[in-house]
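Below: one structure, written as structure tokens.
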Amino acid sequence: MSPGPHRVAVLVYDGVKLLDVAGPAEVFGEANLLGADYRIALVSTTGTDVTSSIGMRIAVDGSATTQPDPDTFLIPGGDVYPRTPVTHELATAASDLAARAGRVASVCSGAFVLGATGLLDGRRATTHWKITGELAARHPKAHVEPDAIYVRDGTVYTSAGVTAGIDLALALVEEDHGPDISRQVARSLVVYLHRAGGQSQFSAPLQGPPARSPALRRVVDLVTADPAGPYSLAELAGRLNVSTRHLTRLFREELGTTPTRYVESIRFDIAKSLLDQGYTATQTASMAGFPSYESLRRVFARELSISPAAYQRRFATARREQAG
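Have a look at this one:
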């Protein structure tokens, strides 16, 4: 199947998330059982062992500079980033490996390490949904795609949080050996070969930036308390005792959206929460303030690329399912 071994260098560091390392490694290992020849080397900046985010020690095979040129260079994530700046030593090691690799990939916040090397400048990229905004702010030359499970731009791949590293590794195996092998690996690991929808389906509700002005915070309170109430621009302006022009300007300047779209986003978050609790899609549409199931379905299709029913199958609580 393979003309020769495919070297995968994984750069680890203190605080690295263990699943970001193990998930892709398991994909490559399963592919080896089917005839592939991935050779995985765990490396650190100095060649010394590191400690993962859960305290488990990770033995490494050497330093980044002593490894042969990798076919694939992978940088996993860890909670340490973006909480702290990427160290010069880690960025230098990543830059060296990337320069010698045939392709480069990051999992979760590993994108911040690639960003520190300048590799994301002018490229499309993604990371965990919680920190896509921070990645875009810290590396404004990158084109961050907040909803992507993984992104390929040339020979640089970036992926969303944690288990998205498995999605990414499956895509790399498919690139190397075709869809039949990657499909068999996915079946063996009991995961989807291609997940439906983007990573927004996994995000917690009401996670957008909080409104600063009292008027806009009041909108959240009003809609949350009574999602099915009337919230046209005129209605909101009347309740807040401001002009429609002033309210529209507040939304545009502070939140970059319109009153109508903002109300819809609150209802959408409420709908996700109701579906999580096990309410039917029809019940959810009514309780969250959507005029019909069809209008709810359209918003889910636009925001998540899946239907309310598909979302619910992924996230409804086991207690409600068992009660039904």
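Start counting the sequence shown at 42; every next residue gets the next number (my numbering).
Each residue gets a CB set at the ideal place from its N, CA and C atoms; glycine is no exception.
Nothing here was measured: the structure is a model prediction, and the numbers come from that model.
Proximity of R179 and G202 at Cβ, strictly below 8 Å: no
Counted within 10 angstroms of its Cβ, other Cβ atoms place T168 as buried (16 or more) or exposed: buried
Residue from L257, D217, H129 and L211 whose Cα sits closest to the Cα of A227: L211
Nearest-angstrom Cβ-Cβ length linking I116 and S85, presumed shorter than 8 Å: Not really, about 12 Å apart at Cβ, beyond 8 Å.
Of the residues S327, Y320 and M328, the one placed nearest A350, counting alpha carbons only: Y320
Nearest neighbour of D78, chosen from P181, I222, D61 and T133 [CA to CA]: I222
Buried or exposed (CB count within 10 angstroms, at least 16 for buried), K58: buried
First and last residue of the uninterrupted beta strand (DSSP E) at S306: Unbroken run through S306 is the alpha helix (DSSP H), P300 to D317; no beta strand (DSSP E).
Extent of the continuous alpha helix (DSSP H) run through I222: P220 to L230
Cβ shell of H184 (< 6 Å), same chain only, five flanking positions each side left out: R165
Option nearest P65 by Cα separation, candidates V214, G163 and D90: V214
Inter-residue Cα distance where the pair is L247 and G174: Unreliable placement is indicated for L247, whose pLDDT of 47 sits below 50; no coordinate value is reported for it.
Beta-carbon gap between R308 and V260 smaller than 8 Å: no
Those residues which DSSP pairs with A72 across a bridge: Partner(s): none; A72 has no beta bridge.
As assigned by DSSP and simplified to three states, the class of R293: helix
Beta-carbon contacts of G279 that lie in its chain and below 7 Å, excluding the five residues immediately before and after: none
Close-in-space but distant-in-sequence residues of the same chain around V91 (CB under 6 Å, 5 per side omitted): V53, Y54, D55, S85 and I99
Rounded C-alpha distance that separates N73 from E130: 32 Å
Bridge-paired residues (DSSP) for A82: A50
Buried or exposed by the 16-neighbour rule on C-beta atoms within 10 Å, applied to P109: exposed
Endpoints, beta strand (DSSP E) assigned at G200: Checking the sequence, you will find Ser at residue 200 rather than Gly. Taken as a continuous stretch (DSSP letters only), the beta strand (DSSP E) holding S200 covers V197 to S200.
Buried or exposed by the 16-neighbour rule on C-beta atoms within 10 Å, applied to D267: exposed
Own chain, CB closer than 6 Å to L161, minus 5 neighbours either side, in chain order: L155, H180 and A183
Helix, strand or coil at D61 [DSSP, three-state]: helix
Coarse secondary structure for Y191, derived from DSSP in three states: strand
Secondary structure of I347, DSSP reduced to three states: coil
Buried/exposed call for H47, threshold 16 Cβ in 10 Å: buried
Distance between beta carbons of T196 and R442, contact taken as under 8 Å: As displayed, the chain neither begins before 42 nor continues past 365, which places residue 442 out of reach and without an answer.
Status (buried if at least 16 other CB within 10 Å, exposed otherwise) for Q324: exposed
Through-space distance from S104 to T87, alpha-carbon basis: 5 Å
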